[in-house]
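Using our numbering, you'd call the opening residue of the sequence shown number 2 and step up by one each time.
Don't be surprised by glycine CBs; every beta carbon is placed ideally from N, CA and C.
Beneath this line is the structure, given in C-alpha cells, with notes to follow.
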Amino acid sequence: MLKTNFKTVNVAKTDSEQVKETLLDYIEGTANGQPTRLRKAFHPDFNLYTVAKDSLWIRSGEEYISNVKVGEKVNRIGKIISIDIEKDAAIAKAEIVIPNVRTFTDYFLLLKYQGSWKIVHKSYSWTDFPK
C-alpha cells in the first residue's frame with residue numbers, strides 16, 4: 002500500500018506576474034469583448050492620452066470601456082514589450098497590432114495599492130500601415 006500526503010501550498014505571485022496579468026486583462030479584454038476585464042485592470046479614474054492633429058487628446062477610461070461590446074471580438078494582436086517595477090510603481094510598454102490597419106505603441110503607468118496592480122495612466126501613439 003502506497004500512502005501519499007499532499008499539501009496545498011499557496012505561492013504568492015510576484016509583482017512582475019501580477020503586472021503582466023493586469024496588462025493581459027487590458028489586452029485580452031479589449032480584443033475579446035470583455036469589459037469586466039478592463040474594469041479589473043483600470044483604476045476608476047484612469048485616462049488615456051495621445052496627440053492627434055497636434056492637439057492633446059484625453060479620453061476617460063469609462064468612455065474607452067463603453068466602446069468594448071460584450072463578446073465582440075476585434076482583430077487585435079497584443080504583446081507586452083517591457084515591464085519595469087520599483088516598489089509599488091511600474092511602467093510598461095505594449096504593442097497592439099491591428100493587421101493591415103495600424104500598430105499602436107502603448108505606455109502604461111501602474112500602481113499597486115490595496116493588494117493589486119491597476120493601470121492609472123495610458124499614453125499611446127500609432128503608425129498606420131502603408132496603403
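Is DSSP giving residue i helix, strand or coil here?
i: Y125; result: strand
i: E73; result: coil
i: G79; result: strand
i: D26; result: helix
i: M2; result: At M2 the pLDDT is 49, less than 50, meaning the model places this residue with poor confidence; the figure from the coordinates comes in the next sentence. In the structure shown, M2 sits in coil (DSSP, three-state: anything other than H, G, I, E or B).
Could you spell out the range, first to last residue, of the beta strand (DSSP E) harbouring residue i?
i: T15; result: That residue, T15, is in no beta strand (DSSP E); it is neither H nor E in DSSP.
Looking at the unbroken alpha helix (DSSP H) that takes in residue i, where does it start and where does it end?
i: K41; result: 36-42
Quick one: Cα of residue i to Cα of residue j, how far?
i: K21; j: E87; result: 15 Å
i: A93; j: K74; result: 24 Å
i: W118; j: A13; result: 14 Å
i: T23; j: H44; result: 11 Å
i: D55; j: T128; result: 15 Å
i: D85; j: Q19; result: 12 Å
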